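Asker: Under my numbering, the first residue of the sequence shown is numbered 2, with each subsequent residue one higher.
Glycine is no exception: its CB is placed at the ideal position from the N, C-alpha and C atoms.
Here the structure is a predicted model, which means the values were calculated and not measured.
Here it is: the structure, laid out below.
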Amino acid sequence: MMKNYQLLEPVNAIIFDCDGTLSHIEGIDELAAARQVSAVVKKLTAEAMGRGGINPALYRERLNLVLPTRTQVEKLGEHYFQQKTPGLTLVLDILQRLKKQVYIVSAGLMPAVAKFAELLKIKAENIFAVPIHFDEAGNYLDFDHESPLVRELGKRVIVQKIKEKYPRCVYVGDGLNDLETYDLVTRFVGYGGAYYRKNIEEQCEFYITASSMLPLLSLCLTEHELSFLTGEESLQCGFS
C-alpha cells in the first residue's frame, strides 16, 4: 500500500486535468486529424504541455487551424470516454463513495469536457473548461478569450476558488499548466501514463508512470479510508 506515501489526514476533493490525464488523448489533436493538420497542431500541443505552457495566442492558433464544428466537439466528449484512462471508473466510484468531491479543471473545450464528465458521472457544477462559440449552422466562431484556462496561471485561479470550499485537495495532471497548482494543494500527483514528460516528473514528488489510474488511490486516501475498500476492489488495486 506504500504506507509511507499515504496521507495522514483526509482530503476533501480530488481535482483532475482532462486531456492526457482522465483520458489518454489530447482532444485538440484528435480534432486536428479530421482537418488534416495533425502535425502542426500536435507540435503546438507538445509545446504547451511540456515546455512553454498555455497562452491565448497558442490557443487561438490551434483552433484557427482546426476550425471544429459543434458536432465534432460534442462527439469528442464520447471519444474521451472511449479512451478513458484504465482503472478510472473504479477510482471514481471509490472516491465518490468515500464522499470526495471530484472536479475537472481543463483547458479543453467545454462541450466535450462536459459530455465526458456526464459519462463519468461527475457533477456538471464541478467542471471547469473553456467555452467555445459556434454560428447557427454549428461552424466554429471563437472561444472565450476571458477564460483563465487559456492563459498562464489560469488553473491556479480555479483551484483557489475550489479551495475556498474544500481546503484540502489533491490535484492530478500531466502538463506544465497543471504544475502551476503545485504549491496550492495538499498533494500534487503528476500523471505520465499517457504522455510521459521527464521535465514534469523531475518537478513532482509523486509521479505515476503506469497507464492505469489505480495507483492514485494510495496517494489520495488515508490508510483508514483504504480499509473501506471491498475485497474485490483491494484485489483490483493490488492491495491484497
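1. If the criterion is Cβ atoms closer than 8 angstroms, does the pair residue 85 and residue 24 meet it?
2. Grouping DSSP H, G and I as helix and E and B as strand, with all else coil, what is residue 17?
3. Among 18, 151, 131, 30, which has the Cα closest to the Cα of residue 67?
4. Out of 200, 218, 195, 34, which one is the CA nearest neighbour of residue 19?
5. What are the boundary residues of the beta strand (DSSP E) that residue 134 is part of?
6. Please give the ranges of any beta strand (DSSP E) in the region 16-72, keeping only runs that are unbroken, at least 3 residues long and fully inside the region.
7. Taking C-beta to C-beta, are residue 1 and residue 153 nearer than 8 angstroms?
8. For the putative contact between residue 221 and residue 12, defined by C-beta atoms under 8 angstroms, what is the C-beta separation to the nearest angstrom?
9. Ignore the nearest five residues each way along the sequence and tell me which others in residue 91's own chain have a CB closer than 8 angstroms to its CB.
10. How long is the line joining the alpha carbons of residue 219 and residue 131, rounded to whole angstroms?
11. Taking the alpha carbon of residue 99 as the reference point, which residue from 240, 232, 228 has its own alpha carbon closest?
12. Go through the region 210-236 residue by residue and report every complete run of the alpha helix (DSSP H) that reaches 4 residues or more, in order.
13. Which value, in whole angstroms, describes the spacing of the CA atoms of residue 59 and residue 167?
Answerer: Per the coordinate set shown:
1. yes
2. strand
3. 30
4. 195
5. 133-135
6. none
7. Examination of residue 1 is not possible in this model, given that the chain is present from 2 through 241 alone.
8. 6 angstroms
9. 215, 234, 237, 238
10. 31 angstroms
11. 228
12. 217-221, 224-227
13. 32 angstroms
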